[in-house]
Amino acid sequence: MQECQTQLCLSVYIITFVTGFPTNILAFYTFTLKVRRKPTPIDILLLNLTVSDLLFLIFLPFKMQEVANHMTWNMPYFLCPLSGFIFYMTIYNSTLFLTAVSVERYLGVAFPIRHSLGRRPVYAVLASIFIWVICFMHLSIVFIMPYYNPVGDKHVSTGDGGVGDNGTRLELAVTTTTTGHPRPHVCYENFTHAQLEILLPYRLELCIVLFCIPLLICSFCYVNFIRILLRLPNISRRRRLRAIGLALGTLVVFALCFGPYNVSHVVGMVTDKSPRWRDLALLLSTFNACLDPFIFYVSSPEVRSTLGDMLNGICSRVVRVWDCARLHQCCVWRMDASQTKKATFPKPDEINAV
């Protein structure tokens, strides 16, 4: 990686996986039951967001393995573009689904009657299909680019966008298979000049279409959402603060997790090379997978109820085990005490013998 140290990357990936996978499984279970029982548009959108995060987390161990090997790709090469495609596609999936959720919440507050009359789960299904297709089409370049190697383009870009300076360095960056296709020892890192000429403008397009426009829509919806809530008199203070906190938290997560990485696209286009801090910015996008469940917890009473039931079940079992352990210790103590008493007082025969 360009500026990302092995320990830092592994720490972020492990924390994200350990905290994100079980919480997203819980959210997936909850939203699946909710959609099967009584589907609502926002539950369908949140279910798709959960699926996207789970897909991201399933492929995250490939990144862990790559980082643990000091960015050397020693797995089957077809997994390199596949894992990269899933990794980046699900990042932009999250931006679009979070935007769709913000639109749904804003419409429910701004036009409550009209929105409730025209609210159909099928619209959320169509919107979800549209988001998956858009992200699949835009991020397919991540899968295609490692196989794109024009004849005669032998200069290999290093991690920071420069050019290898000697034959040995280039040989370490790229080897050639028997079919003539390049097989890099690193995955989606060293690009040729021809690849960068396509990749840098495409990254800028991703930044504008899949980040800037969704961020503007999300900001508009949540700012007006908060403004309307502050004017409504018949909502309790607790519910109002929770809704406002949810809106502000979603905006902060949106900006902090996805902002720096997309800014690197703009910097790369201006400087004609990938910035050295690009991978550090990508780590912030990784954190989104473990932050989304907290948004689910605040926004969905079903998730809170499921988590509460699970915690109650765990606590009851722990208390039951603890009570059994106390009973066992008490019995052991009484047995030991009785044996001590028996050993302390001599038998009559022993007294007579003395």
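According to our numbering, numbering within the sequence shown proceeds without interruption in unit steps and concludes at 391.
All residues carry an ideal CB built from backbone N, CA and C; glycine is no exception.
Since the structure is predicted, the reported quantities are computational estimates derived from the model, not experimental observations.
Below 6 Å, is the gap between the Cβ of residue i and the nearest heavy atom of the ligand NAP?
i, result
"Val55", "By its list of ligands, the structure shown contains no ligand whatsoever, and the ligand NAP lies outside what it can speak to."
Let's test the definition: count the other Cβ atoms within 10 Å of the Cβ of residue i and tell me whether it reaches 16, buried, or not, exposed.
i, result
"His302", "buried"
"Tyr298", "buried"
"Thr205", "With a pLDDT of 29 at Thr205, under the threshold of 50, the predicted position of this residue should be treated as unreliable, though the coordinate-derived value follows. When all chains shown are included, Thr205 counts as exposed."
"Leu319", "buried"
"Ile245", "exposed"
"Glu242", "exposed"
"Arg240", "buried"
"Pro251", "buried"
"Ser139", "buried"
"Arg315", "buried"
"Asn325", "buried"
"Asn61", "buried"
"Val49", "buried"
"Phe148", "exposed"
"Thr67", "buried"
"Gly121", "buried"
For residue i, which residues in the same chain have their Cβ closer than 7 Å to its Cβ, ignoring the five residues on either side in sequence?
i, result
"Ala64", "Thr87, Pro330, Phe333 and Val340"
"Pro78", "Glu141, Arg156, Pro158, Tyr160 and Ala161"
"Gly145", "His152"
"Val72", "Asp80, Ile81 and Leu84"
"Gln232", "Met182 and Tyr185"
Got a sec? Which residues, its chain only, sit under 6 Å from residue i by beta carbon, not counting five neighbours each side?
i, result
"Gln42", "none"
"Cys172", "Met126, Tyr129 and Asn130"
"Ser165", "Asn85"
Using a Cβ-Cβ cutoff of less than 8 Å, which residues in the same chain neighbour residue i once the five nearest sequence positions on both sides are dropped?
i, result
"Ile235", "Ile178, Met182 and Tyr185"
"Ile351", "none"
"Met306", "Leu237, Pro238, Arg240 and Leu241"
"Leu328", "Val290 and Cys294"
*asked:* Taking contact to mean 3 or more Cβ pairs, one atom from each stretch, closer than 8 Å, check whether the region 81-98 and the region 122-130 are in contact.
replied: In short, these stretches touch, since the Cβ pair count reaches three.
*Pair every Cβ in the region 97-113 with every Cβ in the region 50-59, then say whether three or more of these pairs are closer than 8 Å.*
Yes, the region 97-113 touches the region 50-59.
*Does the region 110-120 come close enough to the region 67-84 that 3 or more CB-CB pairs lie under 8 Å?*
Result no; under three Cβ-Cβ pairs closer than 8 Å.
_Validate contact between the region 248-266 and the region 276-284 using beta carbons, cut 8 Å, 3 pairs_ = The region 248-266 makes contact with the region 276-284; the number of CB pairs closer than 8 Å reaches 3 or more.
*Taking only runs of the alpha helix (DSSP H) that begin and end inside the region 116-172, which ones reach a length of at least 4 residues, in chain order?*
Entirely contained in the region 116-172, the alpha helix (DSSP H) runs reaching 4 residues are, in chain order, 116-147 and 149-154.
*asked:* For a minimum of 4 consecutive residues, which ranges assigned as the alpha helix (DSSP H) are wholly contained in the region 245-314?
replied: Segments of the alpha helix (DSSP H) lying fully in the region 245-314: 250-268 and 274-308.
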